[in-house]
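With the working numbering, the residue at position 26 of the sequence shown is 65, and numbering never jumps.
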Amino acid sequence: MVPALLTFIHLIAQPQPSFEQQLVDDQVSIGYGIAIGDVDGDGKPDILLADKKAFVWYRNGDWKKFTMVE
40 MVPALLTFIH
50 LIAQPQPSFE
60 QQLVDDQVSI
70 GYGIAIGDVD
80 GDGKPDILLA
90 DKKAFVWYRN
100 GDWKKFTMVE
């Protein structure tokens, strides 16, 4: 029982993650679907979004928009 108690204490002692809001695109009309995945193979999660006009990819880092299908 002691190992479980030590693990529990360790998890509680971890600092809370902090998040900062970032505007990626303020021109999306209606977002029908969103997915997160590494599109370009750089190890960073990118954003994929389907709205009523296109299917786009936002590259993680600079959030540059790439239209994949219109």
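We treat Cβ as the ideally placed atom computed from N, Cα and C, and that holds for glycine.
Output the distance between the C-alpha atoms of K103 and P56, rounded to the nearest integer angstrom. Their backbone Cα atoms lie some 26 Å apart in a straight line.
If you count every other CB in all the chains shown that lies within 10 Å of the CB of L62, and 16 or more means buried, which is it? A residue is called buried once 16 or more other Cβ atoms fall within 10 Å of its Cβ, and L62, having fewer, is exposed.
Nearest-angstrom Cβ-Cβ length linking I73 and L87, presumed shorter than 8 Å: At roughly 7 Å, the Cβ-Cβ gap stays under 8 Å, so I73 and L87 are in contact.
Is it buried or exposed, D64, if we count other Cβ atoms within 10 angstroms and call 16 or more buried? Classification of D64: exposed, given that the 10 Å Cβ count is below 16.
Assumed close pair D85, Y97 - CB separation to whole angstroms, cut-off 8 Å: Confirmed, Cβ separation roughly 6 Å.
Are the Cβ atoms of T106 and A93 separated by less than 9 Å? Remark: C-beta atoms of T106 and A93 approach each other more closely than 9 Å.
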